[in-house]
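Chemist: Below you will find the structure I want to go over with you.
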Amino acid sequence: MCLPKRNRHESGKTMLDTKKIRKDFKILNRKIWAGKTLVYFDNAATTQKPQVVIDSLVNYYENYNANIHRGVHKLAEEATEAYEKVREKVRDFVGATKNDEVIFTRNTTESINLLAYSLGESLEEGDEVLISEMEHHSNIIPWYLLRDRKKITVKFIPITKNYELDYSALEKLINKKTKIISITHKSNVLGTVNDIKRIAQIAKNNGSILIIDAAQSVPHMKVDFQDLGCDFLVFSSHKMCGPTGVGVLVGKKELLEKMPPFLGGGEMIRKVTFEGFTPNDVPWKFEAGTPNIADVIAFGTAIDYIESLGIENIYKYECGLTEYCLSKLKQFDFLKIYNSSGTGIVTFSNPLVHPHDIATIVDQYGVAIRAGHHCAQPLMKRLNVSATARASFYFYNTKEEIDLFIEALKKAFDYFKVGACKKLNPVGG
Amino acid sequence: MDKSIPKLDELYKEIILDHYRHPHGRVPLEKVDYHAEGMNPLCGDEVKLGLQLKDGKIEKVHIEGHGCSISVASGSMLAQILKGKDIQNAKQISQALKDMMHDKVNGAKDDIGDLEALEGVKRFPVRIKCALLPWTTFEEAIIGHDHIEIS
């Protein structure tokens, strides 16, 4: 099952052999409409899965499906070993030190809820949590819930006009009451990559706990938990070629050990009596009930797959695609583009044609993009728009696909008679 | 199931684009008898609706908000068509539109005027909510709910 760690796709000058890679993803050949092959540019929402990941799921259910950590039979032993092996893979992939610093959840959202609940238990009335204006709802709502439960305050670090985090504002906002800073590594709308090391230093000097939402970074760039210097790192399997239903929480062991459990039930206990219970050790203390065994195992296969390509190669390749897309979008000088750097996400809007209409029209050409608020309504408010359109790339996308996207966009702007596109005949079909 | 590509012209009829570019009902009212705000939390589309009644009939309609061409056009048609109607009749029109979207037979179809142009939206199921948002907001205003979310 394991692929060699060496870059099997490396060939000559091109870092990634996309032609070869694309053969691993059957869905990329799907005809969305007659003659229109899928161009999948919604990778920030979820990525497609290579065949090895799908096979891994099938292999588990066909050959060694069993509950883990309790059976003494052969199947249970194999399933437990495969499941726990993925913990090691995740540890190595994101540079954690110990296996028990890796906890499996359902998704990034659940990881943050776990932290807000469990860390939140030690917060007191008047304490503060700092988040930023570019957060996904998953890194806002858990803190609002905690605010309402514990009478704490949630404050937002603003963004600059260049769509970057305002670090000087952060230094002004932080104070002795700031117990937790929870911030995105990479914005799912702006593509901005925040300087976590810098934030970690500020947090450390202040004695604040630092949580990093790495859902958009871990799949696309080298992320090293120890090097970043944060206390917790959270991300999802499904945004990096793995199945849905698996999230990760990486945390410093000494903090995890002090934290109270989040969910209660089987697996998370050591002993239960008529009077009470003793919680299990980390990481199992935070993994109540039968976990998502099959999907965790297939997530391990996804990590192998990504490592076989090389995360640095993926990063460079996607930067190239993003720059190419941004250069092509320049011809539409009436578009407002919300990205300051090229990291796989391109977000734009225009007051004359709504993002929904753009998305519907490009869909006619097989191009899947996202339109809406991208689960970041406060950010939309800050950008002074109700919605934007977003194209987001992964390593299997190509410049040829971007060309098709640009052609489809032209049709959309023609249809709504926007800007420089003078053609008045709508393109019906 | 029909797998042929739905034609954009069925969705974006010229009459819809006209309403989108020059929407009716944008003048704020000095007083409102019924009011509601509607929102589609999935896409962020927002509608604010106000109605002024005289002698049991809708005399003035105010509608504004952010939205795609379909939701704006549908709201503009609402402002145009509901003027002069009594509440009962207005509700029937709203029902007729919903029935059309969900392929139900409705006797009142003849009365819906420009709204018939929205029939093409049926071929684009994810956009049906866009077309219905102003109408759902209208119905909620009549019931007396100030804020609604459709999902």
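Residue numbers (the numbering used here), protein chains in the order written: chain X, 1 to 429; chain B, 1001 to 1151.
Virtual Cβ for every residue (Gly too), placed ideally from N, Cα, C.
This one's a predicted model, so the numbers in the text were calculated from it and none came from an experiment.
Closer than 7 angstroms, Cβ to Cβ, to anything on chain B: give me those residues from the segment 216-235 of chain X, in chain order.
Modeler: none
Chemist: Which of the three DSSP states is assigned to X:Met-221 in this structure?
Modeler: Coil.
Chemist: Note down, in chain order, every chain B residue with its Cβ under 7 angstroms from the Cβ of X:Thr-108.
Modeler: By Cβ distance, chain B contributes nothing, its closest Cβ being about 19 angstroms from X:Thr-108, past 7 angstroms.
Chemist: Is it right to say X:Gly-429 is buried, meaning 16 or more other beta carbons lie within 10 angstroms of its own, or is it exposed?
Modeler: Residue placement at X:Gly-429 is poorly supported in this model, since its pLDDT is 28, which falls under 50; the coordinates still yield a value, given next. With fewer than 16 other Cβ atoms within 10 Å, it is exposed.
Chemist: Which bits of chain X does B:Glu-1046 rub up against, with CB to CB less than 8 angstroms?
Modeler: By Cβ distance, chain X contributes Ser-386.
Chemist: Under a Cβ-count criterion, where at least 16 other Cβ atoms within 10 Å of its own Cβ denotes burial, should B:Ile-1143 be classed as buried or exposed?
Modeler: exposed
Chemist: Please classify B:Ser-1151: does DSSP put it in a helix, a strand, or coil?
Modeler: With a pLDDT of 49 at B:Ser-1151, under the threshold of 50, the predicted position of this residue should be treated as unreliable, and no value is reported.
Chemist: Hey, could you find the ends of the alpha helix (DSSP H) X:Val-86 is sitting in?
Modeler: 74-93
Chemist: Which chain B residues are close to X:Ile-140, counting only those with a beta carbon under 9 angstroms from its beta carbon?
Modeler: Those do not exist, as X:Ile-140 stays about 14 angstroms from chain B at its closest Cβ, beyond 9 angstroms.
Chemist: For a test of the three-state rule: what should DSSP assign to B:Leu-1011, helix, strand or coil?
Modeler: Residue state, collapsed to three classes: helix.
Chemist: Cβ closer than 7 angstroms: which chain B residues qualify as neighbours of X:Trp-33?
Modeler: Ile-1005
Chemist: Against chain B, does X:Tyr-338 count as a neighbour if the rule is that its beta carbon must be under 8 angstroms from one of theirs?
Modeler: No, because no Cβ of chain B sits closer than 8 angstroms to the Cβ of X:Tyr-338.
Chemist: So for B:Met-1039, helix, strand or coil by DSSP?
Modeler: strand
Chemist: Using CA coordinates, which residue listed in X:His-354, X:Gln-364 and X:Leu-379 is at the minimum distance from X:Val-418?
Modeler: X:His-354
Chemist: Suppose contacts are defined by Cβ-Cβ distances below 8 angstroms. Is X:Val-189 in contact with X:Arg-382 by that definition?
Modeler: no
Chemist: Using the three-state DSSP reduction, which class does X:Lys-172 fall into: helix, strand or coil?
Modeler: helix
Chemist: Just the C-alpha distance for B:Val-1061 and X:Arg-147, rounded to the nearest angstrom, thanks.
Modeler: 40 angstroms
Chemist: Measuring CA to CA, which of B:Gln-1052, B:Gly-1075 and B:Thr-1136 is closest to B:Lys-1085?
Modeler: Minimum Cα distance to B:Lys-1085 is reached at B:Gln-1052.
Chemist: In whole angstroms, what separates the C-alpha of X:Asp-357 from that of X:Phe-348?
Modeler: 13 angstroms
Chemist: Beta-carbon separation of B:Trp-1135 and B:Ser-1069 under 8 angstroms?
Modeler: The Cβ atoms of B:Trp-1135 and B:Ser-1069 lie no closer than 8 angstroms to each other.
Chemist: So if I threshold CB-CB distances at 8 angstroms, which residues from the segment 116-145 of chain X count as touching chain B?
Modeler: none
Chemist: Can you pull out the residues from the segment 339-358 of chain X whose beta carbon lies closer than 7 angstroms to at least one beta carbon of chain B?
Modeler: His-354, His-356 and Asp-357
Chemist: Let me check one thing: in DSSP terms, what residues is X:Tyr-40 bridge-paired to?
Modeler: X:Ala-368
Chemist: Put B:Leu-1097 into one of helix, strand or coil per three-state DSSP.
Modeler: helix
Chemist: Less than 7 angstroms between C-beta atoms, sequence neighbours within five positions excluded: which residues of the same chain meet that for B:Leu-1115?
Modeler: Met-1077, Ile-1081 and Leu-1097
Chemist: Distance check for B:Leu-1011 and X:His-73, CA to CA, integer angstroms please.
Modeler: 59 angstroms
Chemist: Taking the straight line between their C-alpha atoms, what separation do you get for X:Glu-88 and X:Gly-95?
Modeler: 10 angstroms
Chemist: Name the one or two DSSP bridge partners that B:Gln-1052 has.
Modeler: B:Lys-1060
Chemist: Kindly identify the DSSP beta-bridge partner or partners of X:Ala-96.
Modeler: According to DSSP, X:Ala-96 bridges with nothing at all.
Chemist: Closer than 8 angstroms by beta-carbon distance: list the chain B residues that pair up with X:Ile-361, in chain order.
Modeler: Taking a Cβ-Cβ threshold of 8 angstroms, the residues of chain B close to X:Ile-361 are Leu-1008, in chain order.
Chemist: Report the neighbours of B:Gly-1050 on chain X: residues whose CB is nearer than 9 angstroms to its CB, in chain order.
Modeler: The contacting residues do not exist; B:Gly-1050 stays about 20 angstroms from chain X at best.
Chemist: Under 8 angstroms between the Cβ atoms of X:Leu-57 and X:Asn-65?
Modeler: For the pair X:Leu-57 and X:Asn-65, the CB atoms are not nearer than the 8 angstroms cut-off.
Chemist: Could you tell me which of X:Lys-36, X:Thr-178, X:Ile-196 and X:Ile-406 sits nearest to X:Leu-335, measuring between CA atoms?
Modeler: X:Ile-406
Chemist: Assign X:Tyr-144 to one of three DSSP states: helix, strand, or coil.
Modeler: Of the three classes helix, strand and coil, the one that applies to X:Tyr-144 here is helix, per DSSP.
Chemist: Could I get the ranges of all uninterrupted beta strand (DSSP E) runs contained in the segment 277-331 of chain X, with 3 residues as the minimum, in chain order?
Modeler: 277-279
Chemist: Thinking X:Gly-366 and X:Asp-295 are a contact (beta carbons under 8 angstroms), I'd like their distance in whole angstroms, please.
Modeler: Going by Cβ atoms, the distance from X:Gly-366 to X:Asp-295 rounds to 28 angstroms, so no, they are not a contact pair.
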